[in-house]
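Novice: My questions all concern the structure below.
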Amino acid sequence: MTKAKTKYIPVPSRAILPERDIARDPVLECVNLGITLGGIKAVDDFNLTIGRTEIAGLIGPNGAGKTTVFNLLTKVYQPTTGTILLNGRDTHGMDTRQVNKAGIARTFQNIRLFKNLSVADNVKVAMNNEMRYNMLSAILRLPNYKREEIAAHRRALKLLSIFDMQNMADVPAGSLPYGAQRRLEIVRALATNPTLLLLDEPAAGMNPSETAELLDSIRKVHEMFQIAIILIEHDMSLVMNICDGICVLNFGQIIAKGTPDEIQNNPAVIEAYLGRKKEG
Amino acid sequence: MTMRRLINLKRVEARRIYLTYAVVIVAYAVCQVMSSTKFLSSSMRGMLVPICAYMVMAVSLNLVVGVLGELSLGHAGFMSVGAFSGVAAAIIMQKTITYAPLRLAVAMIIAAIFAAIAGFLIGIPVLRLKGDYLAIVTLAFGEIIKSVLNNFYLGMDSGGLHFSMLTDTTRLLKGGRLIIRGPMGISGIQKIATFPAGFILLMISLMIVFNLVNSRSGRAFMAIRDDRIAAESIGLDITKYKMMAFVMSAALAGAAGALFAMNYSTIVANKFDFNTSILILVFVVLGGQGNMLGSIIAAAALTILPEKLRQFSEYRMLLYAVILIVTMLATNNAEIKEFLGRLNPFRRKEEAE
Amino acid sequence: MIFLNFLISGISLGSIYAIIALGYTMVYGIAKMLNFAHGDVIMVGAYVCFYAVSRYGLNPFAGVALAMLVCTVLGMVVERLAYKPLRQAPSLAVLITAIGMSYFLQNTALLLWSSNPKVFPSIIGRGAFKLFDGRLSVSHVTVLTIASCVVIMAVLSLFIGKTRLGKAMRACSEDKGAAQLMGINVNATISLTFAIGSGLAAIAGALLCSAYPTLMPTTGALPGIKAFTAAVFGGIGSIPGAFLGGIMLGVIEIFAKAYISSQLSDAVVFAVLIIVLLVKPAGLLGRMTQEKV
Ligand SMILES: Nc1ncnc2c1ncn2[C@@H]1O[C@H](COP(=O)(O)OP(=O)(O)OP(=O)(O)O)[C@@H](O)[C@H]1O
Ligand SMILES: [Mg+2]
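Next comes the structure, spelled out in structure tokens:
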């Protein structure tokens, strides 16, 4: 099998690429992605391309299938149709773990932290795959255990400091306030060294000042790591502010793609959100 | 900060680990002094080794139930594998290793290896399942191990080792010895298990478990326990880590089984049945899932208590059952928890602050 | 002919497993918990029936009816006291509670009725039908057992498929939250499920002890575990699955006893369970459910 560089299936429209990505391969390409859940097509004919360092928004009314798209990308659900190319590689047959190793990390809409682990451990456990010492070193506390643990702890604190959480490192994750839990999930995802970061409603439940801080932090992350980010969000000001391109989903289908300005003035989008009946 | 003060998990855990070691060492010293000054009754002295074995069983099961978060209902099966392989090894080595403590140590290592192999083989199918299914399959394996050992014959003569299933067809030469005799188990065991050996095994088990838990593997175990989907999403190999915990737990249980068996002159496979598995589970649940010190104390208390309350021995199992149910209700029901919290004067003061 | 004989005893034993497995499967379907104590409800049923018939001279069928009544109440009480407070608890906690309840029932029985085995009188005598010039003998108990199982299956399927309460049960097992919103009393429905399962357990107890007359406080434990195995085997949560799993397990057990080894028959049964779960992790007729993320 040769790698499908040329696409035979026409992809209707590409997301708007920021200039810096023009000459580079995209990080993610979805072609005709779809899944049937409980008899309904929760996502259907989903085509999307994400540039190397793009920040993309995925919006749509409740139940549109946004989270399902993330679940498909991370193989929490197996797609019934379509192809996902990650860094040009088909992820067919991979499971969640392999997809993560290949470069996708995510957060969850309903927070899924390791509640009984400390904040630092939540981050360090995500670095598991890059740590090398084995069980014997751990049991006998050999020098490489100490060395790697210290290095991991340093790196965890550094990542936490992006979100100003380094002084909560030893607190159980479950006892953090809600906003901090959401931020910790992002840090945990970052600790796996992703090339594509999926954020599922990161601002949900945050107050306006927290949301503003989050916006800054996401920008900071983007600048520091130069990665692509897809963001599901209901807070339109956040989405419009931060995204290079936006994709709107309704009833499992893409109804619009474009820059924030284009989306704001798109009649189909306005209709989907306001639920206006077609006239005539 | 206006936020309520949060506990420092790292400090709490470190303190708990040192406390556990300290308690075990002090308890050992006290028991040694008491038994050398004849302060301990002989029946109590006889229980020291089994208590150590049960403590190791509880600690090892806690690794699977408390740390990994999977319910194993066949832990006695690994104890049994360890007991039989360890004792058989000790009998075979009787002539070659004459120094008893060394023989015991080697036998326990062999027992641990056999139990680990059993754990690995069982783990392959078991760990692909989830939750209740996993629990029930461990139960099934516990029963299978019991049935198989009940029908296993192992003999040794000048021609080497011979074994057979179902009926004794080992046809040993003259001077040979039938070591494992099916449902009759092994008899004529030299009682070489000692209290210091039990203490050392417990300390080693604690060290292994604590150091493992405080390493990348331990973090992975607990992450899988807290949220499997999130653990997968950060690239953890669920099966690998489950297997690691399961095999380690089985190995420790095997060593404990060998220690336990070499405290008696006869052992049979039926000793290690479902009830034994449940008994150990009770230690873990009562002591607190993930709390090793709790497991150890529960194991000691629930082994000594029935001896002290001999006149109530009929009510013993009933008491266990009630304790189990009440503990579960008290620790898992919000209303009952709150009710108990209100009874606790310290808690109330804390909240008022 | 011998083969046929084994097959019939296998189906008969399997029918008992199937009746017990129904209780497991219904409770699992609706409360998503393994009611480990179910096997011991069988034992209680058998004891009640035993005392009613041999002490108080009740008609055996009245004895069974009484046992059903007692077990139904017992099942509901157990649910109310031990399981209901744990609806929101992790499944590990619920399972351990159920194991505790099983121990509780066994040891209460031990105190009440002692560990001395009782010889259970068959509820319809020890006669047998002779077929093929007496070469094949099928006892009345066997016929009654198989017939009861078929009748129970049919009635239960109708109940669940056609009646309002049955539909409520199905709704609750699909989605408790949604069922609640539709005005179904979820707690009452769960209670009803326990009641039906426990009532059936009483019948199973009487049939089991008619076929294998030794009655002890631990009588229910092993058949309970095996019936549970049968439920998992057939796909826990599925009623036809419980039927299929029960019958197959009974047949496998009897054949393993006959052709492999009577000591290893339990091991064979459990080995078959493990193999089935590996090939079909949700059992023969079970449905895999996907966790919502
Ligand atoms: N495991 C599942 N089984 C059956 N249906 C599912 C499953 N997961 C999602 N669905 C359905 O798919 C549809 C899309 O759900 P999804 O969670 O993706 O919506 P969403 O766009 O993320 O909505 P929200 O903004 O509320 O988070 C919904 O109708 C949902 O009920
Ligand atoms: Mg969503």
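Chains as they are written, first to last, in our numbering: chain E, 387 to 666; chain Y, 4 to 356; chain H, 234 to 526.
C-beta atoms are modelled at their ideal positions from N, C-alpha and C, and glycine is treated no differently.
How would you list, in chain order, the residues of chain H whose beta-carbon sits under 7 Å from the beta-carbon of F494(E)?
Specialist: V526
Novice: Note down the Cα distance separating T388(E) from L419(E), rounded to an integer number of angstroms.
Specialist: In this prediction, T388(E) scores a pLDDT of 44, lower than 50, which makes its location untrustworthy; the coordinate-derived value is nonetheless stated afterwards. Answer to the nearest angstrom: the Cα atoms are 21 Å apart.
Novice: How would you list, in chain order, the residues of chain H whose beta-carbon sits under 9 Å from the beta-carbon of I2(Y)?
Specialist: Lying outside 4 to 356, the shown extent of chain Y, residue 2(Y) is not represented and no answer is given.
Novice: Name the one or two DSSP bridge partners that S504(E) has.
Specialist: DSSP lists P558(E) as partners of S504(E).
Novice: Near L307(H), which residues of its chain fall below 7 Å by C-beta distance, leaving aside the five closest residues on each side in sequence?
Specialist: V274, V277, S431
Novice: When the cut-off is 9 Å and only beta carbons count, does M622(E) lie next to chain Y?
Specialist: no
Novice: So, helix, strand or coil for V501(H), using DSSP?
Specialist: Helix at V501(H).
Novice: Taking 8 Å as the cut-off, is the CB of N495(E) close to at least one heavy atom of ligand 1?
Specialist: One point to set straight first is that residue 495(E) is Gln, not Asn, in the sequence displayed. Result yes, Cβ under 8 Å from ligand 1.
Novice: List the DSSP bridge partners of E571(E).
Specialist: Looking at the DSSP assignment, E571(E) forms no beta bridge with any residue, so it has no partner.
Novice: With S523(E) as the anchor, note down where its alpha helix (DSSP H) starts and where it stops.
Specialist: 521–526
Novice: Does DSSP put V417(E) in a helix, a strand or coil?
Specialist: strand
Novice: Is the Cβ-Cβ distance between I469(H) and T258(H) less than 9 Å?
Specialist: T258(H) is positioned such that its CB atom lies closer than 9 Å to that of I469(H).
Novice: Specify, as a first and last residue, the run of the alpha helix (DSSP H) that V277(H) falls within.
Specialist: 271–283
Novice: When you compare each of K643(E), S623(E), F637(E) to G631(E) by their alpha carbons, which one comes out closest?
Specialist: Among K643(E), S623(E), F637(E), the Cα nearest to that of G631(E) belongs to K643(E).
Novice: Taking only three categories from DSSP, how would you classify Y156(Y)?
Specialist: strand
Novice: Could you name the residues of chain H that P128(Y) contacts, counting a contact when the two beta carbons are closer than 8 Å?
Specialist: I507, L510, L511
Novice: Check whether chain H comes within 9 Å of T172(Y), counting only Cβ atoms and requiring the distance to be less than that.
Specialist: no
Novice: Among G360(H), A515(H), F294(H), whose alpha-carbon lies nearest the alpha-carbon of S370(H)?
Specialist: G360(H)
Novice: For Y531(E), return the contacting residues in chain Y, with the cut-off set at a CB-CB distance below 8 Å.
Specialist: S218
Novice: Comparing alpha-carbon positions, which option in V465(H), G479(H), L255(H), I472(H) lies nearest L511(H)?
Specialist: Considering only alpha carbons, the answer is V465(H).
Novice: Please go through the stretch 291–318 of chain H and give each complete beta strand (DSSP E) segment of 3 or more residues, from N-terminal end onward.
Specialist: Segments of the beta strand (DSSP E) lying fully in the stretch 291–318 of chain H: there are none.
Novice: Using three-state DSSP, classify Q484(E) as helix, strand or coil.
Specialist: helix
Novice: I want to verify the contact list: residues of chain H whose CB lies under 7 Å from the CB of V655(E), in sequence order.
Specialist: Neighbours of V655(E) on chain H: none; closest Cβ ~26 Å, over 7 Å.
Novice: Report the option in S623(E), T578(E), I613(E), L635(E) whose CA atom is closest to the CA atom of P412(E).
Specialist: I613(E)
Novice: Between the Cα of K459(H) and the Cα atoms of V505(H), G290(H), T375(H), which residue gives the shortest distance?
Specialist: V505(H)
Novice: Determine, using beta carbons only, whether I480(H) and G243(H) come nearer to each other than 9 Å.
Specialist: yes
Novice: Counting contacts by CB-CB distance shorter than 9 Å, is E353(Y) in contact with chain E?
Specialist: Note that E353(Y) scores 47 on pLDDT, short of 50, meaning its location in the model is unreliable; the coordinates nonetheless yield the value given after this. No, because no Cβ of chain E sits closer than 9 Å to the Cβ of E353(Y).
Novice: Return no unless some Cβ of chain H is closer than 9 Å to the Cβ of T334(Y).
Specialist: Yes, T334(Y) lies at the interface with chain H (some Cβ there is under 9 Å from its Cβ).
Novice: Could you give the first and the last residue of the continuous alpha helix (DSSP H) run that contains S355(H)?
Specialist: Run containing S355(H): none; DSSP gives neither H nor E here.
Novice: Can you look up T422(E) in the DSSP assignment and give me helix, strand or coil?
Specialist: strand
Novice: Out of curiosity, what's the CA-to-CA distance linking L414(H) and G262(H)?
Specialist: 19 Å
Novice: Count the other CB atoms within 10 Å of the CB of T269(Y); is the residue buried (16 or more) or exposed (fewer)?
Specialist: exposed
Novice: Going by the DSSP bridge assignment, what does H165(Y) pair with across the sheet?
Specialist: G158(Y)
Novice: Does any heavy atom of ligand 2 sit closer than 8 Å to the C-beta of V618(E)?
Specialist: Checking the displayed sequence, the identity of residue 618(E) turns out to be Ile instead of Val. Yes - ligand 2 has a heavy atom lying nearer than 8 Å to the Cβ of I618(E).
Novice: Which full runs of the alpha helix (DSSP H) of 4+ residues lie inside the stretch 95–147 of chain Y, going along the chain?
Specialist: 103–129
Novice: Ends of the alpha helix (DSSP H) at E647(E)?
Specialist: According to the sequence shown, residue 647(E) is Asp rather than Glu. Unbroken alpha helix (DSSP H) run through D647(E): 646–650.
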